[in-house]
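A.B. asks:
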Amino acid sequence: MLIDEYEELFSCTSGDLGRTKLAQHRIETGNHSPIKQNPRRLPIAKTTEVKDLLRDMQERDVIEPSSSPWASPIVTDPQKVSAVKDWRRPKNVHELRSFLGLCTYYRRFVKGFSSIARPLHRLTKNKQKFLWTDECEEAFNSLKAALTSSPILVYPDPEKQFILDTDARHESVGAVLYQEINGQEHVIAYWSKCLSKPERNYCVTRKELLAIVKAVENFHSYLYGRKFLLRTDHASLTWLLNFKNTKGQIARWIQKLEEYDFEIKHHYPSW
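Following the numbering used here, the numbering of the sequence shown begins with 18 at its first residue and continues without gaps.
1) Under DSSP, the beta strand (DSSP E) around G191 begins and ends at which residues?
2) With a threshold of 16 other CB atoms inside 10 Å of the CB of R57, please say whether the residue is buried or exposed.
3) Leaving out the 5 sequence neighbours to the left and right, which residues in its chain are closer than 6 angstroms to A163 when beta-carbon positions are compared?
4) What whole-angstrom Cβ distance do S213 and G129 have, given they're in contact under 8 angstroms?
5) Look at the alpha carbon of G47 and the alpha carbon of Q41, and state the distance between them as a whole number of angstroms.
6) So, for K244: in the same chain, excluding its five sequence neighbours on each side, which residues have a beta-carbon less than 6 angstroms away from its beta-carbon?
7) Looking at the unbroken alpha helix (DSSP H) that takes in W270, where does it start and where does it end?
8) Should the segment 233 to 243 be called in touch with the segment 61 to 75, which here means at least 3 C-beta pairs below 8 angstroms?
9) Pull up the DSSP beta-bridge partners for I205, would you.
10) Based on Cα-Cα distance, which residue from E197, W149, S132 and L71 lies nearest to G191?
11) In this structure, what does DSSP give as the bridge partners for L247?
12) Could you tell me whether the segment 105 to 122 touches the segment 66 to 80, where touching means 3 or more Cβ pairs closer than 8 angstroms?
13) Judging by CA-CA distance, which residue of E202, S85, R72 and L70 is the nearest neighbour of P51?
14) Once you ignore the five residues that flank C153 on each side, which residues in its own chain have a CB closer than 7 angstroms to its CB?
15) Applying the 10 Å Cβ sphere with the 16-neighbour rule, what's the burial state of R43?
16) Starting from T141, follow the alpha helix (DSSP H) in both directions and report where the run begins and ends.
17) When DSSP labels each residue in this structure, what does K38 get in the three-state scheme?
18) Measuring only from the beta carbon, is P82 closer than 7 angstroms to any heavy atom that is part of the ligand COA?
19) Contact defined as beta carbons within less than 8 angstroms: I believe V171 pairs with H203. What is the distance between those atoms, to the nearest angstrom?
20) Have a look at D184, L39 and L113 and flag the residue whose alpha-carbon is nearest the alpha-carbon of N158.
21) Check each candidate in I180, E216 and G265 and name the one with the smallest Cα separation from L227.
22) Do the CB positions of L160 and A185 come within less than 8 angstroms of each other?
23) Can you have a look at K102 and say buried or exposed, based on whether 16 or more other CB atoms are within 10 angstroms of its CB?
24) Out of I205, I180 and H237, point me to the one whose CA is closest to H3's CA.
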C-alpha cells in the first residue's frame, strides 16, 4: 500500500507534525475592512484546558500569535456610552431602530432591559404608526439613564459558585447571575427576553421553565462544566425537573438542562 511505502510522509501523532514551504499563498483583500464578529464564548470551566492546548500548539509552531486587524478582538467604544446620553428623541422608526441597536449592545448591564424597552420595540413593528406616547418617552429616558449610569456589576470569580435567579412575567422572562463575595451577593450580569404571542399563552409553570432554559443558554459560558445554584420562585418546578415521564416540548427542555450540573432551590427574588 502507498501508506506503508511512504509512511515517513505521514504524521502519526500530534508531536511529529511537519510543514513545507514549497508552496506559499497570498490572499488579496483589497480595500476591504476587516470582518468583525463576536468572539466565540468559552465556558470558564474549559479555560485552562484550552489555554494549555494553544500553548502546546504554539510551542510546536503549529500556530503563531497574530497582530493583524483581521485577528483583533472586538472592544467596547467608550464614545458609545456618551452617544446614548446625548441622543435626541427619535422622530421616526429609522432613528428609533438606531437608538435601540446601540442600547442592545449594553443590554446585559441593564436590569429588566426587555420590559423597559418594550414600548419602543412596539413602534418598530411593520405597519405600526409612529406615535410617540408618554410611555415611550418614559422608556426612552429610562434606558438613557440606565445605560449612562455605572452598573453595579463585578467580574466573575472562577473559583466561586454561580447563583442563577430566574423569573417569568406575563410579557417577559428574565434572570440575574450572582456570586457570593465576602458574604454578600454581587451581580455578574442581567438577562431578559420579551415573550412572543404564543409564549405569552403558556401556563405559569411552562413560562418559568422557559425562563430557566433560555437563561442557562444565555449564561452557558459561565455555567457549563461546573455546579451552580438555580433559584426560582415557582415551587412546582423543583418537582417537574425531577419528573421522569415528561413529553413534547417540556421533555426537550428538561433534556437540554441535563447537560448542566445544578441544584435547584425555591426562592423569591428581590428584583
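For every residue, glycine included, the Cβ atom is placed at its ideal position computed from N, Cα and C. Keep in mind the model is a prediction, meaning the values are calculated, not measured.
C.D. replies: Result, derived from the coordinates:
1) For the purposes of this step, residue 191 is taken as residue 174 along the sequence shown, with counting starting at 1. Start and end: S189 to I198.
2) For the purposes of this step, residue 57 is taken as the residue at position 40 of the sequence shown. Its Cβ having fewer than 16 others within 10 Å, R57 is exposed.
3) In the sequence shown, the residue the question calls residue 163 occupies position 146. Excluding sequence neighbours, A163 sits near V127.
4) Translated into the one-based positions of the sequence shown, residue 213 becomes position 196. Translated into the one-based positions of the sequence shown, residue 129 becomes position 112. Not really, about 18 angstroms apart at Cβ, beyond 8 angstroms.
5) Numbered from its first residue, the sequence shown carries residue 47 at position 30. Numbered from its first residue, the sequence shown carries residue 41 at position 24. Going by the C-alpha atoms only, they are around 19 angstroms apart.
6) If you number the sequence shown from 1, residue 244 lands on position 227. Within the same chain, K244 has close Cβ partners D278.
7) Looking up residue 270 in the sequence shown gives position 253. Per DSSP, W270 belongs to the alpha helix (DSSP H) from G265 to L274.
8) yes
9) Sequence index remark: in the sequence shown, residue 205 carries index 188 (1-based). Answer is none; I205 lacks a bridge partner.
10) Against the sequence shown, residue 191 aligns to sequence position 174. That would be S132, whose Cα lies nearest to the Cα of G191.
11) Position 230 of the sequence shown, counted from the first residue, corresponds to residue 247. Per DSSP, L181 and I281.
12) no
13) Residue mapping note: residue 51 aligns to position 34 of the sequence shown, counting from 1. The residue with the shortest Cα to Cα distance from P51 is S85.
14) Counting from one through the sequence shown, the residue named residue 153 turns up at place 136. The residues are P136, L137 and L140.
15) Against the sequence shown, residue 43 aligns to sequence position 26. Burial call: exposed.
16) Within the sequence shown, residue 141 is the residue found at index 124, counting from 1. Neither: T141 is in no alpha helix (DSSP H) and is coded neither H nor E.
17) Residue numbering aside, residue 38 sits at position 21 when the sequence shown is read from its first letter. Here K38 sits in coil by DSSP.
18) By its list of ligands, the structure shown contains no ligand whatsoever, and the ligand COA lies outside what it can speak to.
19) The sequence position of residue 171 within the sequence shown is 154, counting from 1. The sequence position of residue 203 within the sequence shown is 186, counting from 1. Confirmed, Cβ separation roughly 4 angstroms.
20) For this step, residue 158 is matched to residue 141 along the sequence shown. With distances taken between Cα atoms, N158 lies closest to L113.
21) Here residue 227 refers to the residue found at position 210 of the sequence shown. With distances taken between Cα atoms, L227 lies closest to E216.
22) Here residue 160 refers to the residue found at position 143 when the sequence shown is read from its first residue. Here residue 185 refers to the residue found at position 168 when the sequence shown is read from its first residue. It is not a contact, given that the beta carbons lie outside the stated cut-off.
23) Looking up residue 102 in the sequence shown gives position 85. By the neighbour-count rule (16 or more Cβ atoms within 10 Å), K102 is not buried but exposed.
24) Given a span of 18 to 288 for the chain in the structure shown, any question on residue 3 remains unanswerable.
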